[in-house]
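Step one of this worksheet: look at the structure below.
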Amino acid sequence: MQLVKFVVFVGIFATITNAQWVKQTVNTTASFRGLSVVNEKVIWASGTGGTVIRTIDGGKKWDVIQVPDAAKLDFRDIEAFDAETAYILSIGNGESSRIYKTTDGGTTWKLEFKNTNEKAFFDAIACWDNFSCLAMSDPVDGKYLFIRNYGGSKWEAIESDGSTAEKDQAAFAASGSCLITTGTHHPAIAVTGGTKSEVLTTNDNGRSWNRSATPLISGTSGSGIFSIAMIGKNNGVIVGGNYEKPNEAKDNLAFTTDGGKDLETRDGPIGLSLGCGIHRQEYAYRRRHKRHRLIA
């Protein structure tokens, strides 16, 4: 097995001070898109070949975990809560879209959801707590499909109002961050692309959605919003681009102070950005001084 260097989401920064990145050696050939940072010690990531990795000592040692009977699955999203508990979501049409959960640090995994709708392609999962989560699929028959587990292990489709999608509009399963929860119970935000880049918000666990058009890049199957990150319910950053023109840095960055209803757009310091995060301690300072910290 080949040793590969793994960097937890290579950082792309604009005007950053005191940034230090340490490459991590992980004994796997998998590539990774999903990332969940619990704290400075506990970090999980998910990727190709049914592979999950975890560190509980801040990166000194990484455990490589193979999910049973999942060698052909690509886990694009992971939501972890501590060193023992995590959900993972695999993408793809039909039965390739699945959700697993571990409560023993990856020693065993329970298959909680296997998609049976051939039209569905699940993109991301987001959780309010370790028993209440929401997952999102690309549009099925003209509407985004959302499912919830309602405090248990049984996942059910939600009859959602306001989740209508335009032709060739979709979400991007790029980093598992096109869908996030905010607050402790009910609110969530989804971002889309394709024919139109929109922000969808819900305050009732996905039963109804408000759609807000954005001026960010859109119009082709490869362009739109790829990721959103929030601090609290109101303040956040949105990034995207065009994966067919990854070096194009136009209309691919925006900030919000009202939960995504209104956006202050910028041209990003780089082209295509698949994911974003916010350094909480520096957010207010950098926001005031128009200095941005992005992770892509």
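For our numbering, count along the sequence shown from 1 and bump the result up by 3.
Backbone N, C-alpha and C fix where the C-beta goes; we use that ideal spot for every residue, glycine too.
Residues 134 of the same chain have their beta carbon placed closer than 8 Å to that of residue 155, with the five preceding and five following residues left out of the count. Following the DSSP letters along the chain, one finds residue 131 inside the beta strand (DSSP E) bounded by residues 125 to 132. Sequence-distant partners of residue 275 (beyond 5 residues in either direction) whose C-beta falls short of 7 Å from its own C-beta, in its chain, are 244, 245, 246 and 249. Per DSSP, residue 220 is not a residue of any beta strand (DSSP E), being assigned neither H nor E. In the structure shown, residue 196 adopts extended strand secondary structure according to DSSP, grouped into three states.
Between the stretch 177 to 186 and the stretch 117 to 130 there are three or more C-beta pairs closer than 8 Å, enough to call the two in contact. Runs of the alpha helix (DSSP H) lying entirely within the stretch 197 to 283 and spanning at least 4 residues: none are present. Sorting 209, 88 and 53 by C-alpha distance to the C-alpha of residue 73 places 53 at the top. A residue is called buried when at least 16 other Cβ atoms come within 10 angstroms of its Cβ; residue 216 does not meet this threshold and is exposed. Exclusion of the five residues before and after residue 150 leaves 138, 158 and 160 as the residues of its chain whose Cβ lies within less than 6 Å of its Cβ. Rounded to whole angstroms, the separation of the alpha carbons of residue 152 and residue 136 is 6 Å.
In this structure, 260 is the residue among 253, 230 and 260 with its C-alpha nearest to the C-alpha of residue 238.
The secondary-structure analysis by DSSP pairs residue 47 across a beta bridge with 39 and 57.
In this chain, the beta strand (DSSP E) harbouring residue 103 covers 101 to 105. Closest in C-alpha terms to residue 266, from the list 235, 281, 231 and 272, comes 231. Taking the Cα of residue 112 as reference, the smallest distance to any Cα among 41, 122, 121 and 101 is reached at 101.
At a Cβ-Cβ threshold of 9 Å, residue 193 and residue 202 count as neighbours.
Inclusion of residue 23 and residue 58 in the CB contact set at 9 Å is not warranted, their separation being larger than that value.
Contact annotation: residue 93 and residue 107 have beta-carbon atoms that are not nearer than 9 Å. Assignment of residue 98 by DSSP, reduced to helix, strand and coil, places it in the helix class. Per DSSP, residue 147 is one residue of the beta strand (DSSP E) stretching across 146 to 151.
Rounded to whole angstroms, the separation of the alpha carbons of residue 60 and residue 223 is 43 Å. Residue 109 and residue 118 have their C-alpha atoms spaced approximately 22 Å apart. Distance from the CA atom of residue 68 to the CA atom of residue 103, rounded to whole angstroms, is 13 Å.
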